Amino acid sequence: MSDTPPTAPSFTHIHVHSHFSFLSGTASLDALVERAMADQFTHLALTDTNALYGAVEFAQSCAKQDIQPIIGMTLNVAAPETTVQTGRDGPGQLVLLATGATGYRSLCCLSSQIQGHIDRAEIAQHGLSWDALAAHHQGLICISGGLRDWAARFLQLDARAAAARWLSRLSGLFDGRCWLGLELHTPADGELATDLIALGQRFGVPAVAAQPVYCLSPQDRPTLRLLAAINENCRLADVPTHLLPDQGHAARTVHWLSPAEMQQRFAAFPAALAASAQIAAQCQPALPDGRPIWPILKLPPNTTPDQALCELAEDGLREQYGSSPPGLPHEGKESPTPNVRVETKAQNARQRDRSPLPQRSVRGKAGEGSTAGAPVGPPPNLPLEGEEQNPRQRD
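With the first letter of the sequence shown counted as 1, position 342 gets the number 342 in our numbering; the numbers rise by one all the way through.
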């Protein structure tokens with residue numbers, strides 16, 4: 001028997017949902033990472049629907065197993081303007097992966113467009129607008145959402161012109177970072193994948209295997225329907241099919257497929273299977289790493305930081321103590337040099353209040369209260385010059 005360790009798979013799952021796809025996924029983050037370890041993955045993506053709630057915990061769980069986390073999100077997108085009747089199959093979907101910190105910021109903005117909206121349920125059901133996507137696409141890799149993407153849906157409706165327009169817009173927006181996601185369940189899906197690849201070649205958009213994962217095993221499938229029924233507050237039999245991960249098609253696979261199963265399923269599309277590893281290599285750590293991020297000062301022309309700080313301090317004094325606090329320089333009067341700090345009587349008084357004073361102890365007998373034997377310092381809240389004293393302090 002050979003002692004050579006098994007070769008790591010040349011692909012990784014890049015469309016993965018956890019239980020943070022609330023009421024749409026069943027797998028915990030730790031369980032997903034453990035399965036990735038068992039399958040010898042070096043990278044793993046998390047792409048919950050319209051949300052990033054599990055991103056930090058996912059990255060921490062991956063770090064424990066020496067797996068590179070890929071932070072992403074499955075985004076619901078509204079239907080493009082077209083005369084094609086798209087039916088009631090819900091919004092389109094795009095899988096967006098962050099290539100770094102810039103991409104993570106874009107994901108946060110896109111998620112906030114939905115989660116922070118007063119009508120977030122309606123926005124999520126309708127899908128985010130093209131303008132919102134165009135405003136926050138920096139640092140992202142875009143993968144069409146397989147059978148839920150508008151390109152695939154238009155092709156299934158034999159609306160090839162509409163599919164071409166949609167893919168053209170995506171490829172133009174993401175410029176070299178756009179991919180066609182393929183998912184295979186039935187022989188008909190293979191024919192659709194061939195059509196998608198041909199369409200992508202017109203616009204320079206390659207294909208990648210993006211089989212969606214909503215649970216870890218086929219036994220979890222009934223739970224997905226139960227979660228959808230809870231979400232809709234309806235009977236199991238009355239769940240709208242477009243809310244189910246399989247869209248009501250029993251033949252569609254929604255659980256985790258092993259590397260061997262993926263190779264068998266995508267045997268006719270080996271380049272698409274290998275492309276997932278290419279995408280994973282482009283995705284670098286995206287979450288903040290704890291290093292301080294200093295603010296970028298937007299100063300007026302010909303103004304130094306010291307001058308700006310001085311002006312802010314003076315404005316604060318005026319706001320706190322009136323329009324003409326004692327000792328404050330007249331309006332328009334500048335410091336002799338940019339590095340000279342302008343100190344007013346009020347500032348000096350405040351500094352005196354902060355300086356330590358000699359302390360003396362008042363010795364009391366045991367049991368005379370919690371302040372017995374405590375050091376005596378200056379009374380709190382000493383008034384500044386010109387400030388009216390509190391009657392209790394005056395007495």
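Glycine is no exception: its CB is placed at the ideal position from the N, C-alpha and C atoms. Here the structure is a predicted model, which is why all the values come from computation and not from measurement.
Practice prompt. Apply the 10 Å Cβ neighbour rule to His117 and answer buried if 16 or more other Cβ atoms are within range, or exposed otherwise.
Written response: Counting C-beta atoms within 10 angstroms of its own C-beta, His117 has fewer than 16 neighbours from the protein chains shown and is therefore classed as exposed.
Fill in: 4 or more residues per run - each alpha helix (DSSP H) lying fully within the stretch 247-305
The qualifying runs are 259-265, 270-282.
Discussion item. If you measure between the beta carbons of Gly181 and Val95, is that distance less than 8 Å?
Written reply: In contact: Gly181 and Val95 (Cβ atoms closer than 8 Å).
Worksheet entry | Inter-stretch contact at 8 Å, needing at least 3 Cβ pairs: the stretch 44-51 / the stretch 239-251 | As far as the Cβ criterion goes, the stretch 44-51 does not touch the stretch 239-251, which means the pair count is below three.
Discussion item. On the CB-based measure, 16 or more other CB atoms within 10 Å of its CB, does Arg35 come out buried or exposed?
Written reply: The residue in question, Arg35, is buried, as its Cβ has 16 or more Cβ neighbours within 10 Å.
Fill in: Whole-number beta carbon distance between Ala151 and Leu196, since they are thought to touch under 8 Å
In this structure, Leu196 and Ala151 form a Cβ contact; the two beta carbons are roughly 7 Å apart against a cut-off of 8 Å.
Practice prompt. With distances taken Cα to Cα, identify the nearest neighbour of Ala134 among Phe154, Cys109, Arg148.
Written response: If we check each option's Cα against that of Ala134, Cys109 comes out closest.
Practice prompt. Check the DSSP bridge columns for Ile143 and list the partner residues they point to.
Written response: Ile143 is bridged to Val95, Trp179.
Item to complete: Check the C-beta distance from Leu199 over to Gly190 and give it rounded, since I have them as a contact under 8 Å.
Response: That belief does not hold up - the Cβ atoms of Leu199 and Gly190 are roughly 15 Å apart, past 8 Å.
Worksheet item: Just the Cα atoms here: how many angstroms apart are Gln264 and Leu155?
Response: Straight-line Cα distance between these residues: approximately 25 Å.
Worksheet item: For His137, which residues of its own chain have a beta-carbon under 7 Å away from its beta-carbon, when the five flanking residues on both sides are left out?
Response: So the list reads Ser106, Leu173, Phe174, once near-sequence residues are dropped.
Practice prompt. Would you tell me roughly how many angstroms separate the C-alpha atoms of Lys345 and Leu317, rounded to the nearest one?
Written response: Model confidence at Lys345 stands at a pLDDT of 47, short of 50, so the residue's coordinates are unreliable; what they give is reported in the following sentence. Their Cα atoms are separated by approximately 11 Å.
Worksheet item: What does Met73 pair with, by DSSP beta-bridge criteria?
Response: Looking at the DSSP assignment, Met73 forms a beta bridge with Leu96.
Practice prompt. Ignore the nearest five residues each way along the sequence and tell me which others in Asn397's own chain have a CB closer than 6 Å to its CB.
Written response: Here the chain covers residues 1 to 395 and nothing more, so residue 397 does not appear.
Worksheet entry | Those residues which DSSP pairs with Thr49 across a bridge | Beta-bridge pairing links Thr49 to Thr74.
Discussion item. Can you list, in chain order, the residues of its chain with a C-beta nearer than 6 Å to that of Cys283? Leave out the 5 residues immediately preceding and following it.
Written reply: Once the five neighbours on either side are set aside, the close Cβ partners of Cys283 are Ile70, Leu97, Thr99.
Practice prompt. Could you spell out where the alpha helix (DSSP H) holding Ala79 opens and where it closes?
Written response: First-last for Ala79: undefined, no H or E at that position.
Item to complete: Answer yes if the stretch 61-78 comes into contact with the stretch 123-131, meaning at least three C-beta pairs across the two stretches below 8 Å, and no otherwise.
Response: Yes, the stretch 123-131 is in contact with the stretch 61-78.
Worksheet item: What residues in its chain sit with their C-beta under 6 Å from that of Leu29, if we drop five residues either side in the sequence?
Response: Closer than 6 Å at the Cβ level, and outside the excluded window around Leu29, lie Ser18, Gly54, Glu57, Phe58, Ser61.
Discussion item. According to DSSP, simplified to helix, strand and coil, what is Gln320?
Written reply: Secondary structure at Gln320: helix, using DSSP grouped into helix, strand and coil.
Worksheet item: Should the stretch 265-282 be called in touch with the stretch 204-220, which here means at least 3 C-beta pairs below 8 Å?
Response: Yes, since at least three Cβ pairs between the stretch 265-282 and the stretch 204-220 fall closer than 8 Å, the two stretches touch.
Practice prompt. Could you tell me if Arg291 is buried or exposed, where buried requires 16 or more neighbouring beta carbons within 10 angstroms of its beta carbon?
Written response: Burial call: exposed.
Worksheet item: With a Cβ-Cβ cutoff of 8 Å, do Asn50 and Ala124 count as a contact?
Response: Between Asn50 and Ala124, the C-beta spacing is below 8 Å.
Discussion item. On the DSSP bridge list, what partners appear for Leu216?
Written reply: The partner list for Leu216 (beta bridge, DSSP) is empty, contrary to what the question assumes.
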